[in-house]
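Number of protein chains: 6
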Amino acid sequence: MSGPIICFGELLLRLSAPGRELLMQSPRLDIAVGGAEANVAAGLAALDHPTAIVSVVPDNALGRGAVAAMRAAGVDTSRVATGPGRMGLYFLSPGAGVRAADIVYDRAGSAFVQANAFDWPTLLEGAARLHLSGITPALGPASAAHAIAAARAARADGVPVSFDGNYRARLWESWDSDPRATLTELVAQADLFFGNHRDVALLTGRDAGKGREAAEAAFAAFPNLTAIASTSRTVIDADHHRLAARLDMRESAHEADEIAVTGIVDRIGGGDAFAAGILHGLHADLSPQATVEAGLALAALKHSLPGDFSRFARADLAAFQSGARDVRR
Amino acid sequence: MSGPIICFGELLLRLSAPGRELLMQSPRLDIAVGGAEANVAAGLAALDHPTAIVSVVPDNALGRGAVAAMRAAGVDTSRVATGPGRMGLYFLSPGAGVRAADIVYDRAGSAFVQANAFDWPTLLEGAARLHLSGITPALGPASAAHAIAAARAARADGVPVSFDGNYRARLWESWDSDPRATLTELVAQADLFFGNHRDVALLTGRDAGKGREAAEAAFAAFPNLTAIASTSRTVIDADHHRLAARLDMRESAHEADEIAVTGIVDRIGGGDAFAAGILHGLHADLSPQATVEAGLALAALKHSLPGDFSRFARADLAAFQSGARDVRR
Amino acid sequence: MSGPIICFGELLLRLSAPGRELLMQSPRLDIAVGGAEANVAAGLAALDHPTAIVSVVPDNALGRGAVAAMRAAGVDTSRVATGPGRMGLYFLSPGAGVRAADIVYDRAGSAFVQANAFDWPTLLEGAARLHLSGITPALGPASAAHAIAAARAARADGVPVSFDGNYRARLWESWDSDPRATLTELVAQADLFFGNHRDVALLTGRDAGKGREAAEAAFAAFPNLTAIASTSRTVIDADHHRLAARLDMRESAHEADEIAVTGIVDRIGGGDAFAAGILHGLHADLSPQATVEAGLALAALKHSLPGDFSRFARADLAAFQSGARDVRR
Amino acid sequence: MSGPIICFGELLLRLSAPGRELLMQSPRLDIAVGGAEANVAAGLAALDHPTAIVSVVPDNALGRGAVAAMRAAGVDTSRVATGPGRMGLYFLSPGAGVRAADIVYDRAGSAFVQANAFDWPTLLEGAARLHLSGITPALGPASAAHAIAAARAARADGVPVSFDGNYRARLWESWDSDPRATLTELVAQADLFFGNHRDVALLTGRDAGKGREAAEAAFAAFPNLTAIASTSRTVIDADHHRLAARLDMRESAHEADEIAVTGIVDRIGGGDAFAAGILHGLHADLSPQATVEAGLALAALKHSLPGDFSRFARADLAAFQSGARDVRR
Amino acid sequence: MSGPIICFGELLLRLSAPGRELLMQSPRLDIAVGGAEANVAAGLAALDHPTAIVSVVPDNALGRGAVAAMRAAGVDTSRVATGPGRMGLYFLSPGAGVRAADIVYDRAGSAFVQANAFDWPTLLEGAARLHLSGITPALGPASAAHAIAAARAARADGVPVSFDGNYRARLWESWDSDPRATLTELVAQADLFFGNHRDVALLTGRDAGKGREAAEAAFAAFPNLTAIASTSRTVIDADHHRLAARLDMRESAHEADEIAVTGIVDRIGGGDAFAAGILHGLHADLSPQATVEAGLALAALKHSLPGDFSRFARADLAAFQSGARDVRR
Amino acid sequence: MSGPIICFGELLLRLSAPGRELLMQSPRLDIAVGGAEANVAAGLAALDHPTAIVSVVPDNALGRGAVAAMRAAGVDTSRVATGPGRMGLYFLSPGAGVRAADIVYDRAGSAFVQANAFDWPTLLEGAARLHLSGITPALGPASAAHAIAAARAARADGVPVSFDGNYRARLWESWDSDPRATLTELVAQADLFFGNHRDVALLTGRDAGKGREAAEAAFAAFPNLTAIASTSRTVIDADHHRLAARLDMRESAHEADEIAVTGIVDRIGGGDAFAAGILHGLHADLSPQATVEAGLALAALKHSLPGDFSRFARADLAAFQSGARDVRR
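Chains as they are written, first to last, in UniProt numbering: chain A, 1 to 329; chain B, 1 to 329; chain C, 1 to 329; chain D, 1 to 329; chain E, 1 to 329; chain F, 1 to 329.
So this is what it looks like as structure tokens:
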């Protein structure tokens, strides 16, 4: 299974105020490329896993620039198509101290949302995995259908599927008052689900408790699932969070000790870095305990870096996990 | 008639590559606020004319930032509403030397285009003038109807109307194969039209020659017109243009000698600066010859400044016209 | 009382070292517009209160730029005059970690200080309030006289007066060894005084205790006063302060719990944001308790933003007060 | 022959003073990735030709960053190895007006120069072409041997070889007083040689005249050659050059009219863009005349862009060749 | 006479808009250190002449930073004192294309102007030369007296004096309607005068013609003069000037051919670079013809560099004079 | 003993990623000048001690720029020679939050390492002290020999010698498996040694305990030593360290209380600032207790400033030591 991990989702350009300013406070924006699934792909590529992104961008300087950034990050972009529509954007006022970050989404009418069809058997050929998130189906009925088609095609071909809940109420509310059916269908194809007890409650329609209890409810509801991973975050202020993680297997539960994530530079993409770290553990054959620790470590490290992507290599992860905090000469 | 000159049109954010780079060449964008009618308003305000903008923006950091930039430029923004939809954007790779500038428009779905209604009698109360351009009606049927309603309301109230052709084939082609009826209706309300022989040919449906001939054809077709202004541009390269201008009155023709516009910093908004200069001449009671010379001078000066706006005061215009090119201490 | 809150004071340009550098460490400065009273005006405008600034600037690019920044912030600048003299400046090396910020003032000879006369009855016509601070009278005898004239004219016209002590020993020492008479005259006109026990001791010439005791001494000495507001600040390091506030009414005392202001981006203007928050409470008819909490919240938020101004809307304030610290999507 | 065009050469980081400053005038450097052969690869990739770079970089942030930039430019980097040694650098003070640009090379001891061996049969498998330049053999005896081995292996496998003279006297003088034998061996393997009459004189040991005469002398000396391309440059100042080009085939000569390259942004990489344009013509089956015009056009366009790379797509080239110099909307 | 060339004058900070913007167009300023005499000192130091500056600055971050910049430029700052008063500033909107640069001076009340006394015998001990300009005496009566005292002390000690007219009408008009007496006294002490026919007319009180005629009038009026140098500038636009120069000795006249100074980056300090080039010629024992050519060449080169200082070494000057305009590798 | 403190060591350019980015994350680098001994010289000069650096740089823009930066910092650079070889560089990804900083050294082949000979009697004439660090001898056998020659010459001339251990295992391992002989020889010449118990163990070949015990072992082994200074650092994360210090005299021990160094901006050069602070104490005749407190205070302050240098004057040190953490107006 040496083929790439395939991530399917929208590429976004993130346009953020520089420094610790608000948007439009000074006449400048910093650009980064993001999108939940792209972030996972980039994070995995930095850890030396072959990855590819399946997406659609407009055939203009923005679309080409986003694809170039993915290539720079080491992600195979040969499965990215161009199509009519605009580039999905989001505008960010980064948080600072006691002030929360603020996002203005501007993704309506994107080329990704307007995509007609994907040839999944071809796109997934030889893949080591398909990774999806709950953002794609939330974008609209066509995107939801594409996500389901992808997950079914993968399962049919024996390609493992991972699904990150990433529940965004505002996206769903704009077109579908009950996302449960769609999400259930997607999780049903997955062996690995990223979600906490709130996601499980949404999927199962009932409160099944927290932690292990929620995991067991999910295992019961979704027979294909073999692993459930989640983080738990306490926000002190924009610069200081506390982050813990757990990974539930059918037969065992694994927790990573809470980390004080101080001096936060950029919190966006922290959850995607966690997903990348967990997938790294699975595909590098780490133990479940080592896997959840790698996931949490990568998530914590991501907070120290501007941009949506985790750019950490295995050596960086190892250094962090061995306690390196002072200058590495 | 000491009320403001009212400009009606969309506010756009311009996001441009820094330096002489291409978009996405480095991860940064410079922001400016633009839009043809906003540029005219800002140019007039810098020349100490009371101006106001009528527009609609989204109620988010981008819309508020655009409005703040208009206020900073001295334009009354009390007639700007907020509404559903996004902020209209355009992305610019500035030209340099032998390379032409390149624009990616991203204005579909804007709050301005989605605007429902404007209360023109109130908005135009006490106005010294209404200024429109051909971009607004090209945005779609609702915007076209708003533009016509505005022009008619102004004429009904005795508010003079100026209309800048600004013909953009790509916008019209997307929804209306024959813009002639709409444009004719708008020019019919105007006392001042900005357009050259190509615009006149489009409006009258026939080639009526160039220069004075075209102007006379337009005067014949549009009895309310009292003045027609236009520039003529020769592009040597992205840094060097030659620019001339003419102003036709019913009884007389006035030409401004061609200027070598060298060392161009930013060519966008040059035509809007010309319109501002002409309107300045009219509202400051300059002679037609002084008016066309002011228009051409302001257009030339604009090319020396980053951003869409002319920011030149009367003293700057006078210094330029008196030949100042070396350091003013 | 729908007229603007009128703030009277000098507009300053703040020129600060970028990043966390010292002045002149690299050849670049960041510009912001400030001045205690301008900061209050901008903070109030961001909260949707009509505000206007009364000031004098030089008729050059710096003066015009400062006025444009005020307009951008939503403040009515129609009462700003131009006059002989220079633009007041201050140069800032921002603090960082264990290093305190450092300011080089350069405001001698400013157009504001050289101002001859203000036509207060006209300037205050229809005003909802006049806001002053102790910096203006400290600038010299003419400025002190202007401040007193303004306060008296306001009281004579029934316009409420607020006065922020802002005691700056270095300014007073340069020309007046005993500011008590001047300050007493100003506080005597005010219904609202911003000051703590040290200010009260200065005004009354005796130590009247702290907190409520000081407030009662001030109420006794100044019969027009109805409210006294103050903050109490503990500085851990340049990035971490603790901030509490109190608002004393004649009949009641209101305290806002201390906030840990961590990850400080820019501490300048924090006190002015507090004043803006208190004035917001008064003019939005909040209860005294809600008012002091709004003042403290706005003061805390200001520390998260570069520049002298609070730029927070009511929604931002509400989000902060409801505990939002993580990304607002 | 749909395989990639393989470019073999050193990847360099270019560290240049920002704006029009001298190195170290302000404490900042702009980074670009360059190297003659890398520039050709990037230029070709932008024109949609499959390209790959064969090189060696250190296994550190600089080496990885250089490789990422090549990937972003669309070049296949799977043939780039890591090895001991440093990253080759060069420092640039860009020219401006009457001041010439100035380069400080810092490439001694690089990982590329220290490379031991290349497995050419594998590296060249399926290649559409091997492209080399005279810089690689000038770096030292090992690099010269690698270049010769590459060229011989290509010819042995039927892979066409192109060689760009790029004669750098200072590099040769440091270790080999007579580069003629090495260069002759390399040109002997080539079907396409980039060089002018001075290169031909160096190779043949005699002055064979200019233009067509020089080309015929080269064709006589090197029976494998089928095409010789060269530019001719007149430098007016750092911002204004004049550039012409010729392409000699065995049976015909083709000249492209001199272009005034005005408003130069960055002259570095202009020759490499010419090579990319010529190779584009050959591999896109353009006529020799169209090929030399494409080469000259791409060379001219490159001067308008910061960085070593040509980033122009076929549409950009076509727009330039059709005369587009004003804003493309 | 191996001691330093002593330059006496005010150190200024120049705060300029970045890029080609107007002041306050974006919230950033670039800092450079300038002042006519400081520029001459820096230009000479870059050419390896020992130089020292005599000046007074405030004892704050700005004064210290200005002195550090002089030290960085290689100028001995041990004769710079600190004193009460502010740092002299000037604000610059750089010119671009058809738009002239614009300066806002802000030097009133500077520490230099407030300086009490200079101990000239000590300050001039061992000096190779004293260089002054007409700006210093124009700053006010005390500065005029200091300049005269310096020139007299130098002449008394056998230290040659050079004086650059640098006539600034606006400075003189503010306090002295007839600067002729002061300037005459200064030129009377000089062996070298920088000035053209207008300066000579001002000094002699009559129009003595141009070029050689003016020089001979000056030689007649000032018996100590042995050389008079001047440039002649034609301004095409802000980016393109034409510059010629002449050097008149008592017995011979020397002209340097006009240079097209294109692609101008920064015109400020061009005249000071000319003075540095002439002084370089004198102190390096160049012939008068070589001297005037060096002066003109250095003046032309200065226009290519941001900031007030010429930073060119002798090798740079030689390269320019030998015609180098393309990349120096 | 009013001559300069002479620091002998390599000047390095530090090229660091801007903001909190990784190297090559965006195409820009910030430049600072560093090198352990240069940092000490700059730190002492900022405290008004005459200092000079002895070093060798290449004769190019980088070498000249490094020397200019030293001059700007107030260090006498007349003892810096130029020579063949390159400029020593290091590339820095600054740390942030939980992520450690990372350094890529690139100093092989530098002009300093290739230096042939130093004329120590001349270079040390009139010196108040010679300061060395363990980095210089670690660079290679020639540098080790130069360091020893310098230390011996100083002792022979009665110039006190200080030596900062600065043990860098990676440098030594590349050429000398047993640095003990070299280091012992150097410490033997010193009156002041900067090192902790690990350094003492390395020098004496045995574990002599910590703190006072280690100091006494060193005093016993090196009879010329009169003082030993060291810091003790606890790293919480990249932004938060705890720092304590001790100074052992032969007869007494002095400790400075641990400081919480929060909000760290730049940790590089912290140890060199400590050395500068201790040397300041010695040369300003502070008591040992005041000396160690000054050393620790300067070390802590350095963490708040970008770049390798401490730029703090005595007044800044005093303000910090008196507890100033809030804005100094």
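Where is the CB? At the ideal position from N, CA and C, for every residue including glycine. From a predicted model like this one, the values you see are computed outputs, not experimental measurements.
For this session: Give the single residue among A:L247, A:A169 and A:H241 whose Cα lies nearest to the Cα of A:G195.
Result: Along the first sequence, read from residue 1 onward, the residue named residue 195 of chain A stands at position 195. Looking at the Cα atoms, A:L247 is the closest of the given residues.
For this session: Over the uninterrupted beta strand (DSSP E) stretch that includes E:E37, give me the two end residues.
Result: Taking the first residue of the fifth sequence as 1, we reach residue 37 of chain E at position 37. Run containing E:E37: none in the beta strand (DSSP E); it sits in the alpha helix (DSSP H), A36 to A46.
For this session: Determine the closest residue to F:V159 out of F:A190, F:T291, F:P179 and F:R170, with distance taken between C-alpha atoms.
Result: Numbered from 1 along the sixth sequence, position 159 holds the residue referred to as residue 159 of chain F. That would be F:A190, whose Cα lies nearest to the Cα of F:V159.
Exercise. With a cut-off of 8 Å, does the C-beta of E:H303 fall near any C-beta of chain D?
Worked result: Reading the fifth sequence from its first residue, position 303 is the one you call residue 303 of chain E. Closer than 8 Å: yes.
Problem set entry | According to DSSP, residues forming a beta bridge with F:R246 | If you number the sixth sequence from 1, residue 246 of chain F lands on position 246. Answer is F:S230 and F:E255, bridged to F:R246.
Exercise. Between which two residues does the beta strand (DSSP E) carrying A:T182 extend?
Worked result: Taking the first residue of the first sequence as position 1, residue 182 of chain A is located at position 182. Taken as a continuous stretch (DSSP letters only), A:T182 belongs to no beta strand (DSSP E), being part of the alpha helix (DSSP H) at R180 to A188.
Problem set entry | Contacting positions in the segment 253-277 of chain E - beta carbon closer than 9 Å to chain D | I259, A260, V261, T262, G263, I264, V265 and D266
For this session: Kindly list the residues whose CB is nearer than 8 Å to the CB of E:R198, restricted to its own chain and excluding five residues on each side of it in sequence; keep chain order.
Result: Counted from its first residue, the fifth sequence places residue 198 of chain E at position 198. Closer than 8 Å at Cβ, skipping near neighbours: Y167.
For this session: Only counting runs of 4 or more residues, tell me where the alpha helix (DSSP H) segments fall wholly within the segment 116-140 of chain B, in order along the chain.
Result: 120-123 and 135-138
Exercise. Under 8 Å, do residue 335 of chain C and A:L22 count as touching if we go by C-beta distance?
Worked result: Beyond the ends of chain C as shown, which are 1 and 329, falls residue 335 of chain C; an answer cannot be given.
For this session: Would you mind stating whether A:L132 and A:A276 have Cβ atoms separated by less than 8 Å?
Result: Residue 132 of chain A sits at position 132 when you count from the first residue of the first sequence. Residue 276 of chain A sits at position 276 when you count from the first residue of the first sequence. Taking 8 Å as the Cβ cut-off, A:L132 and A:A276 do not qualify as a contacting pair.
Exercise. Counting Cβ pairs closer than 8 Å, one from the segment 167-182 of chain D and one from the segment 122-138 of chain D, do we hit at least three?
Worked result: yes
Problem set entry | Pair within 8 Å by beta-carbon distance, A:G85 and A:A111 | Stepping through the first sequence from its first residue, residue 85 of chain A is reached at position 85. Stepping through the first sequence from its first residue, residue 111 of chain A is reached at position 111. Cβ distance < 8 Å, so A:G85 and A:A111 count as in contact.
For this session: Identify whether E:T262 lies in helix, strand or coil by the three-state DSSP scheme.
Result: Translated into the one-based positions of the fifth sequence, residue 262 of chain E becomes position 262. Looking at E:T262 - three-state DSSP - the assignment turns out to be coil, as it is neither helix nor strand.
Exercise. Under a CB-based cut-off of 8 Å, is C:L202 close to chain F?
Worked result: What you label residue 202 of chain C is simply residue 202 of the third sequence in a count that begins at 1. By this cut-off, C:L202 is not an interface position.
Exercise. Residues of chain F with CB under 8 Å from A:V327, in chain order?
Worked result: Residue mapping note: residue 327 of chain A aligns to position 327 of the first sequence, counting from 1. The answer, in chain order, is G95, A100, A101, D102, I103, R267 and I268.
Exercise. Do you know how far the Cα of D:M70 is from the Cα of D:A284?
Worked result: The residue given as residue 284 of chain D occupies position 284 in the fourth sequence. The residue given as residue 70 of chain D occupies position 70 in the fourth sequence. Their backbone Cα atoms lie some 22 Å apart in a straight line.
For this session: Please classify residue 333 of chain A: does DSSP put it in a helix, a strand, or coil?
Result: Here chain A comprises residues numbered 1 to 329, so residue 333 of chain A is not present and cannot be evaluated.
Problem set entry | Identity of the residues DSSP links to F:A32 by a beta bridge | Position 32 of the sixth sequence, counting from 1, holds the residue named residue 32 of chain F. Beta-bridge pairing links F:A32 to F:R14.
Problem set entry | For F:R328: DSSP bridge partner residues | Position 328 of the sixth sequence, counting from 1, holds the residue named residue 328 of chain F. DSSP, once it has assigned bridges, lists C:D102 as partnering F:R328.
For this session: Please confirm if the segment 260-276 of chain A is in contact with the segment 303-318 of chain A, defined as three or more CB-CB distances below 8 Å between the two stretches.
Result: yes
Exercise. To the nearest angstrom, how far is it from the Cα of F:W120 to the Cα of F:R152?
Worked result: Along the sixth sequence, read from residue 1 onward, the residue named residue 120 of chain F stands at position 120. Along the sixth sequence, read from residue 1 onward, the residue named residue 152 of chain F stands at position 152. Distance between the alpha carbons of F:W120 and F:R152: 9 Å.
Exercise. Does the Cβ-Cβ distance between F:G9 and F:A38 come in under 8 Å?
Worked result: By one-based count along the sixth sequence, residue 9 of chain F stands at place 9. By one-based count along the sixth sequence, residue 38 of chain F stands at place 38. Taking 8 Å as the Cβ cut-off, F:G9 and F:A38 qualify as a contacting pair.
Problem set entry | D:G211: first and last residue of the uninterrupted alpha helix (DSSP H) it sits in | Here residue 211 of chain D is taken as the residue at index 211 of the fourth sequence, counted from 1. Element bounds for D:G211: G211 to A221.
Exercise. Any idea if D:S2 is buried or exposed, counting beta-carbon neighbours within 10 angstroms, 16 or more meaning buried?
Worked result: Numbered from its first residue, the fourth sequence carries residue 2 of chain D at position 2. Label assigned to D:S2: exposed.
Exercise. Name the chain E residues whose beta carbon is nearer than 7 Å to that of B:A324?
Worked result: The residue you call residue 324 of chain B lines up with position 324 of the second sequence. Simply A100.
Exercise. Between the segment 30-42 of chain F and chain D, which residues of the former have a C-beta closer than 8 Å to a C-beta of the latter?
Worked result: D30, I31 and A32
Problem set entry | 4-residue-minimum alpha helix (DSSP H) runs that sit fully inside the segment 268-305 of chain B, ordered along the chain | 270-283 and 288-302
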